[in-house]
Amino acid sequence: MAKYKFGDLRAWTRKVGQRATHVVQRSTHDVFEDAQTPQDKGGRMPVKTGRLRNSLSVRLGGGLKLKGATSYQAVAAAMQPGDVVAGGWWTGYERAAEYGDSLRPPAMFRETAAGRWLGIVARNTAEAKRRFR
Numbered sequence: 034m035a036k037y038k039f040g041d042l043r044a045w046t047r048k049v050g051q052r053a054t055h056v057v058q059r060s061t062h063d064v065f066e067d068a069q070t071p072q073d074k075g076g077r078m079p080v081k082t083g084r085l086r087n088s089l090s091v092r093l094g095g096g097l098k099l100k101g102a103t104s105y106q107a108v109a110a111a112m113q114p115g116d117v118v119a120g121g122w123w124t125g126y127e128r129a130a131e132y133g134d135s136l137r138p139p140a141m142f143r144e145t146a147a148g149r150w151l152g153i154v155a156r157n158t159a160e161a162k163r164r165f166r
């Protein structure tokens with residue numbers, strides 16, 4: 034049977050909390066950054082005028098709500114384990130940009146980023162384990 038001192042448990046609890054916070058914040062940041070990356074910079078977001086990118090609206094729980102191309106950065110930085118974030122694009126043509134229509138091919142910027150979620154979390158979990166020992 035393992036024996037622990039209270040100081041050891043306190044340090045372990047702090048380390049686990051730091052890891053969890055890092056994974057939540059970084060993964061949320063990374064998935065939105067992936068979705069927001071323009072096609073001309075290697076991403077999938079179609080950008081002509083910037084209206085679609087700038088229409089991003091991100092909400093943390095029932096509180097903090099921000100709008101704009103980089104709004105996800107502040108929301109991700111404010112997140113704690115257990116928080117829920119929601120985000121979306123509001124232009125009137127975001128679905129056509131995502132899924133395509135008679136004027137454009139599908140960009141799949143949102144679905145592709147969301148589909149990478151498990152890999153993003155795994156990468157950030159490994160990083161958190163290295164950073165917080």
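In case it helps, my numbering puts the sequence shown at residues 34 to 166. Note that beta-carbon positions come from the ideal geometry of N, C-alpha and C, so glycine has one too.
DSSP, reduced to helix, strand and coil, places S90 within a strand of the structure shown. Here D116 carries a coil assignment [DSSP, helix/strand/coil]. In the structure shown, the three-state DSSP call for R137 is strand. Its Cα nearest to that of G101, the residue S90 stands out among A161, I153, S90, L151. Straight through space, the alpha carbons of D134 and E66 are spaced by roughly 25 Å. A straight line joining the alpha-carbon of A130 with that of R47 spans about 43 Å.
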